[in-house]
Every structure is written in C-alpha cells, then in structure tokens.
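Trainee:
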Amino acid sequence: MGNILKTIRYFKRNGIKKTWYATAERLFYRDVPLSASECTYEGPIDEDIKFSVLVPVYETPKEYLREMIDSVLGQAYGNFELILADASGSEGPAGVIKSYRDARIKYIKVKENGGISANTNVALDAATGDYCALLDHDDFLDFDALYENARVLSEAKRKGRKVNLIYSDEDKCNGDATKYFEPHIKENFNQDLILSNNYICHFTVIKTSLLKEIRFRSEYDGAQDYDVILRTIAHSEPSEICHIGKILYHWRCHEESTAFNPASKEYAYEAGRRAIEDFLFNKYNKKISVTDLPHKGFYRVEWGEDIFELRPELGAVGDLYIAGNKITRGIYSNLGHELFLNMNKHFSGYMHGAVLTRDVIACDIRTVTPAPKMRETYEKLIKQLNEYTANNKKSKADIHAFAGKLSMEFAEELQKQGLIFLFLPKIKRR
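Each number in the numbering used here comes from the position in the sequence shown (counting from 1) with 1219 added on.
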C-alpha cells in the first residue's frame, strides 16, 4: 500500500510519463535480509567515551517503543545514557518506559509539547555524554552501533584528530521488523551531495559541546536533523566528519512514518529546502535559490554564472551526455569506471545519483566546463582528443576510451591542485 500511495502522489506532482519511468526503475530495488556479515563486533574496547542517546518521544506505539529501548540497552558498548523526552498526552509511553529498571535511562516528562526540535532540546539539556546520538522513537539500532562509533573516536583520539560528526549506513524495515530493504550505502563526506539531499540522515552522532551550542531550531521542524547536520558541517573541517560504512540503523516503515509515506510530512521538505538556503546564505553571504527535484527530499542548488567566482575551490563542472534514450558519457569512479553508462535517460540511478549535484572523481571531459584557472590544461587535452578523433580509422569505442583516459588525466591535475570536480547535472537533457 505504501508504494501505491507514493506512486499516486508522484503522478500528481510529475505526470504520467515521469511516473512510469520512476516506477519502472524502482522495480530494480531488491529486498535484502539482514546479513550476519554486518555484525562486526570484535570484542571489548576501552569505554572512556560516553554517549547520550537523545530520543524525543510522542505517542509512540508500545511495541515500537520497547524495541527502540531494547536496541539501546542491548548495545555491545555500555558507556551511554538513554534520554527520553516524552511529550505525549497519554500515559502509554510513560508506562512502557517506567517498566524498565536501568540506571542508564533518563526519563523526562515534557510539560508542554513544543514540537520535535523543542522536545529534543529538552533531552539535549540533560545530556552529560561526550557525544550525542540521534535516534527516532520508532526506529532501532544494530547492537554494535555505539561500539562502532566508539572505535572511530578512540582511533581519532589516538591520532590526535578532532571529530565533530559521525554517520553510518542504514536500511529500512517493515513495521514488525521481519523484512529489511533499501540499504543506503553512503559516500564519505561530500559537501555538494549533502546540499542535494540529507544522505547523512541516520545514524548521526555529534560532539555534545557543539550540539549544545547550535541546538535544534523549531522553525525547521520536520527537517530539524538536516538543519543541525548542515550547521554542524558549517562548524567543521571535512577531516572532522567521519563515515562508518556499515548498516547500524534501521528505519521503520509504517503508515505514519516518513519512510513509508513521504507525503505524511510535506512540510518537512519545505523546511529542508529552507535549511539549505540558510546554510548557503551564511557561507556565501548571498541568497542562492534551491529548487525541488521530482523525488521528495531531493534538491538542486541553482548555482549561477558566477559559480567559479563564488567557489574558488572548484576546478571544473561536468554533466552527463544523452544520445537517443541512453546516457553515453558520464561520471568516472576512482577506478576509472563510468557510472550510469547506457542507463535509460529517464532513470535517475541509485539514490537518484544521476540527477544530484555532488563532488566526483571525474566527468567525461567532453561534458566539462573548466574554471578559468584550469582552462589552459583543459584546452590542451581537448586538442589531443580532437586530433585523435580526426583519424578516420578510429572507432567510436576507441575514441570513447581515449576520452576516458584524458578525463582521468584532467581529474588528476585537479586533485594535484586541491580542486573539486563538481557534477552539476542539467535537468533538461540533450
């Protein structure tokens, strides 16, 4: 039923043609069982880092609330506190919580429901841990979630490295947690991608002192985590943001959840867009427009003609190239493999990656617009390509392979100069 509702709402927003292709592409999604290989507990470590798990509670179904609490209390890493800020009007959640006899649980009855940001701030004010972990009241953690975060922090401490933000991979599950699907295997920190979608999302762990400084803002309710993540990033160097490439968080899909029904919180997507605009204004001292993509929760920053003046860290901007109904030129991975090659032009790729602005290793040099400081290098390579193409004995495959070689050479030069290669896809395809 959830996918049917999503399809109907997508149709109303985007029309029959886009809906047909979006539905067809979704057929490639596969349900996946929870793999035993994801259980990576390797034995005890020093428990000198304390976590505060913050959970705003509001009329949570009893079975979901118990499973969430049990998932925290059953953690392989024991130095934590679970802070439950309960704004429920009924006594149902309180009855469940008070049935536990564990000193690590802090229960706070919120006198007046101020919304999810205000209620989370109540939990935050009570936090005494070194790092705060954000957990929704109807989701649950893998048993080694805190352990994996503690390992990252212990290693960073040993190396004298500061860490402000940690995030991990996640998946979704059905209401009774018997089926797991749509694993979200995330990239390492990518600033332009986070401005296209809150790919960081769950499981988020933030340094407590920083989180208490920036706090949650009620005007961004619905996208309050996104707003906090963006402002944490604004206070951090890229090296202070860590990604754990393991599924540690399970996002439950039920009729009231955003995971099951994105339209259940339409206001959240508008709040997300405003959070991005606020981040951009504070960073660049300029109002930059952000527009919605066809899929809910995905955005496009409308960088103008002055993008290279505004962002001196950019070395080039690239796109995809469409011939017929297929993508024929695109993005290269760090291994030189082309992503989305020969994909139907109406598809958007895994996690809509073919339409999301983000930092990449390389784009096909034939789709590139170089920054002024890289124009000379770019033109030399394009001249080589034109001379190679002029040889009538060269096949299309030969030319494509040679273009790929030059594309990687150009990307390597950008990397040497510490410049970013920005993938900026055009919504209107050629």
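Where a beta carbon is used, it is the ideal one built from N, C-alpha and C, also for glycine.
Going by DSSP, which residues form a beta bridge with THR1423?
Mentor: In the DSSP output, where bridge partners are listed per residue, THR1423 has LEU1353 and TYR1386.
Trainee: Runs of 3 residues minimum, wholly inside the region 1496–1552: which ones carry the beta strand (DSSP E) assignment?
Mentor: Here the runs fully enclosed are 1509–1511, 1518–1520, 1533–1537, 1540–1542 and 1545–1548.
Trainee: Inspect the beta-carbon positions of PHE1500 and PRO1591 and report whether they are closer than 8 Å.
Mentor: No; because the gap between Cβ atoms is not below 8 Å, this pair is not in contact.
Trainee: How would you label ILE1335, buried or exposed, when you count the other beta carbons within 10 angstroms and need 16 or more for buried?
Mentor: ILE1335 should be labelled buried.
Trainee: Looking only at its chain, what residues have a beta carbon closer than 6 Å to the beta carbon of ASN1417, apart from the 5 residues adjacent to it on each side?
Mentor: TYR1445, listed in sequence order.
Trainee: Using only alpha-carbon positions, find the residue among ASP1358, PRO1644 and VAL1329 that is nearest to ASP1344.
Mentor: Per the Cα distances, VAL1329.
Trainee: Using the Cβ count rule (16 or more neighbours within 10 Å means buried), how would you classify ALA1616?
Mentor: The residue in question, ALA1616, is exposed, as its Cβ has fewer than 16 Cβ neighbours within 10 Å.
Trainee: Taking only three categories from DSSP, how would you classify TYR1319?
Mentor: DSSP places TYR1319 in coil when its eight states are reduced to three.
Trainee: With DSSP run on the structure shown, which of helix, strand or coil describes PRO1402?
Mentor: Three-state DSSP puts PRO1402 in a strand.
Trainee: With DSSP collapsed to three states, give me the class of GLY1297.
Mentor: Coil, per DSSP.
Trainee: Starting from the C-beta of PHE1270, find all residues in its chain whose C-beta is less than 8 Å away, skip the five residues before and the five after it, and write them out in chain order.
Mentor: Here the set comprises TYR1296, ASN1298, PHE1299, GLU1300, GLY1348, ASP1349, TYR1350, CYS1351, ALA1352, LEU1365, ASN1368, ALA1369 and VAL1424.
Trainee: Pairing CB atoms from the region 1600–1615 with CB atoms from the region 1434–1448, are three or more of them under 8 Å?
Mentor: Too few Cβ pairs lie closer than 8 Å, so no.
Trainee: Ordered along the chain, which non-local residues of its own chain (more than five positions away) have a Cβ less than 6 Å from that of PHE1498?
Mentor: For PHE1498, where only same-chain residues beyond five positions count, the Cβ hits under 6 Å are LEU1449.
Trainee: Closer than 8 Å is the cut-off here; do at least three beta carbon pairs connect the region 1279–1287 with the region 1310–1321?
Mentor: A contact exists between the region 1279–1287 and the region 1310–1321.
Trainee: State the Cα-Cα distance for the pair ILE1507 and LEU1560, rounded to the nearest angstrom.
Mentor: Cα to Cα, the separation comes out at about 31 Å.
Trainee: Look at ASP1305 and ARG1577 and say whether their C-beta atoms are less than 8 Å apart.
Mentor: Not a contact, by the Cβ cut-off of 8 Å.
Trainee: Can you tell me where the alpha helix (DSSP H) holding TYR1277 begins and where it ends?
Mentor: Looking at the DSSP string, TYR1277 is not in any alpha helix (DSSP H), and its letter there is neither H nor E.
Trainee: So ASP1388 and ILE1413 are in contact, right, with Cβ under 8 Å, and what is the actual spacing, rounded?
Mentor: Not really, about 15 Å apart at Cβ, beyond 8 Å.
Trainee: Below 6 Å CB to CB, which residues in the same chain sit around TYR1488 once its five sequence neighbours on both sides are set aside?
Mentor: Excluding positions up to five away in sequence, the list reads LYS1515 and GLY1516.
Trainee: Does DSSP put GLY1311 in a helix, a strand or coil?
Mentor: Looking at GLY1311 - three-state DSSP - the assignment turns out to be helix.
Trainee: Hey, which unbroken runs of the alpha helix (DSSP H) at 4 residues or more fall wholly within the region 1587–1635?
Mentor: Complete alpha helix (DSSP H) runs here, min 4: 1594–1608 and 1615–1635.
Trainee: Would you list the residues sitting across from ASN1416 in a DSSP beta bridge?
Mentor: Per DSSP, PHE1517.
Trainee: Nearest CA to the CA of TYR1540: which residue from GLY1523, LYS1645, GLU1524 and THR1596?
Mentor: If we check each option's Cα against that of TYR1540, LYS1645 comes out closest.
Trainee: Among the residues of its own chain, which have a CB less than 6 Å from the CB of PHE1247, if the five just before and after it don't count?
Mentor: With a pLDDT of 39 at PHE1247, under the threshold of 50, the modelled position of that residue is not reliable, and the figure given next carries that caveat. So the list is empty, once near-sequence residues are dropped.
Trainee: Comparing C-alpha positions only, which one of ILE1264, ASP1267, ASP1355 and ASP1289 sits nearest to THR1279?
Mentor: Out of ILE1264, ASP1267, ASP1355 and ASP1289, ASP1355 has the C-alpha closest to the C-alpha of THR1279.
Trainee: Name, in chain order, the residues that DSSP records as bridge partners for ASP1305.
Mentor: Answer by DSSP bridge pairing, in chain order: VAL1276 and LYS1328.
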